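In terms of our numbering, the sequence shown has 83 at position 72, counting the first letter as 1, and numbering is strictly consecutive.
Built from N, CA and C at the ideal position, the CB exists for glycine as well.
Please read all numbers here as calculations on a predicted model, not as lab measurements.
Worksheet: the structure to be examined is printed underneath.
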Amino acid sequence: MAELPARLLIVDDNRVNRLLLSRSVELLGYQASVAENGRVAMDMLRQERFDLLLLDIEMPEMDGFEVLEAIKQIPSLSDIPVIVTSSVEGVENIVRCIDLGAEDYLAKPVNQVLLKARLGSSIEKKRLRDEQKILLKRFATSEVAEDLQTSGFALGGTRVDASILFCDIRGFTAISESQPPEETIELLNLYYTLMFEAIDSHGGIVSLMVGDGLMALFGAPKPLDEPARCAVSAAHDMLDMMSHFNVERQAMSKPEIRIGVGIATGEVVAGYAGTDQRATYTCIGDKVNLAARLEAHTKVAGESVLIDAATHVALDGEPASKALGRVQFKGFSDALDVYAV
């Protein structure tokens, strides 16, 4: 499939300049749109996708400097390369444009050879940045990717109130041993697709995947008003999705896939752990251990979703939960109240 030509927005209050620049970039194989001042340009940038901005400085209503400042304040626009094309003289003006985020500066009248070189270089840089974003989102959830892009990367964590969800497939080892490895990978890919959809739709992020098991966080890196309710709603959606999935498997004479879910709520330390070369967004704390123990206990209790007392209190009776008594979990000094929901 042929790659679509890059879309350029030309911002200049002079009609002749707009026409000349439009013709020049179109002859170079790009698509050109125009705006007569900075205010019109900002409206267009908010509504449409552009790959590069050719920006004049001296304009009515909103000049080029103001456009550069506005773009810096909008995360979705901050990566658009801007080449200033202006007759404004003085090194201080060029430096100001670069300080405000401009990729380059071309004096008017614009040299066509320089224009071709600058456009090619700037658009290639944007293409590489876009590919990096796509790659980041492939190996990190959208919330973590956004956190990295806005806050940057730093090892360490902060204390947050969150709900932790653990989930795995019951009897996965027996299932994987009864079928070819390729079929097991296909099963895991479908399983993760369904689980991610349920978790994402309720504001959670998946921070860990090991075999058929996963850990999800609700309340970090973005806070949630009701992380416990979000986690439980996600768990019910996960069960519902697996129910529909099993209808298809039964039609193909394949064994049913059943899952167990454990949820615990409280204070955890969330952040990036690892090294500067390799790290992951995760959380630690006794609530993480408790959620894992609850998930494992679903097999003993014969229930699909188990929650701790803090999650039970946060639900405030909706949805209703059933008390299963106190359970002594490994690693905890006291027996803890367990509920099925």
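- The beta carbons of Arg57 and Glu72 sit no closer together than 7 Å.
- Taking every protein chain shown into account, the CB of His213 has 16 or more other CB atoms within 10 angstroms, so this residue is buried.
- Within the same chain, no Cβ atom closer than 7 Å to the Cβ of Leu15 is found once the five residues on either side in sequence are excluded.
- Taking C-alpha positions only, Met206 is separated from Glu197 by approximately 14 Å.
- Segment contact: the region 169 to 176 against the region 219 to 238, three or more CB-CB distances shorter than 8 Å; contact assigned.
- Judged by DSSP secondary structure, Arg260 falls within the alpha helix (DSSP H) whose first and last residues are Pro238 to Ala262.
- The DSSP-derived three-state label of Gln339 is coil.
- From the listed residues Gly336, Ala281, Phe256 and Ala320, the smallest Cα separation to Ile274 is found for Ala320.
- Residue range Ala320 to Leu326 is occupied by the alpha helix (DSSP H) that includes Leu326.
- According to the DSSP assignment, Met226 belongs to the beta strand (DSSP E) that extends over Gly224 to Phe229.
- Arg170 sits in a strand when the DSSP states are folded into three classes.
- DSSP, reduced to helix, strand and coil, places Gln123 within a helical segment of the structure shown.
- Around the Cβ of Asp327, a 10 Å sphere holds fewer than 16 other Cβ atoms; the residue is exposed.
- In the DSSP assignment, the residues bridged to Ile175 are Leu228 and Ala275.
- Sixteen is the threshold: since fewer than 16 other Cβ atoms of the shown chains lie within 10 Å of the Cβ of Val124, the residue is exposed.
- Nearest C-alpha to Leu250 among Gly296, Lys298 and Val316: Val316.
- Under the three-state reduction of DSSP, Val99 is assigned to coil, being neither helix nor strand.
- A check of alpha carbon separations from Arg181 across Ala307, Val22 and Pro238 identifies Ala307 as the nearest.
- By the Cβ criterion, the region 96 to 115 is in contact with the region 59 to 72, since at least three pairs of Cβ atoms, one from each stretch, lie closer than 8 Å.
- C-alpha of Asp90 to C-alpha of Met55: approximately 16 Å in a straight line.
- For Met55, the enclosing alpha helix (DSSP H) covers residues Gly49 to Gln58.
- Out of Gln261, Ala351, Ser344 and Ala17, the CA that lies nearest to the CA of His247 is found in Ala351.
- Contact check for Asp62 against Ile109 fails: the beta carbons are separated by 7 Å or more.
- Secondary structure at Tyr203: helix, using DSSP grouped into helix, strand and coil.
- A distance below 6 Å between beta-carbons, with the five flanking residues on each side excluded, links Asp348 to the following residues of its chain, in chain order: Ala320 and Arg337.
- Straight-line spacing of the CA atoms in Ile186 and Arg138 works out to 43 Å.
- For Ala303, the enclosing alpha helix (DSSP H) covers residues Asp297 to Ala312.
- Around the C-beta of Pro266, fewer than 16 other C-beta atoms lie within 10 Å, and the residue is accordingly described as exposed.
- If you look at Ile186, you'll find it in the alpha helix (DSSP H) that goes Phe183 to Glu188.
- Val352: not part of any beta strand (DSSP E); DSSP gives it neither H nor E.
- Exclusion of the five residues before and after Gln261 leaves Glu267 as the residues of its chain whose Cβ lies within less than 8 Å of its Cβ.
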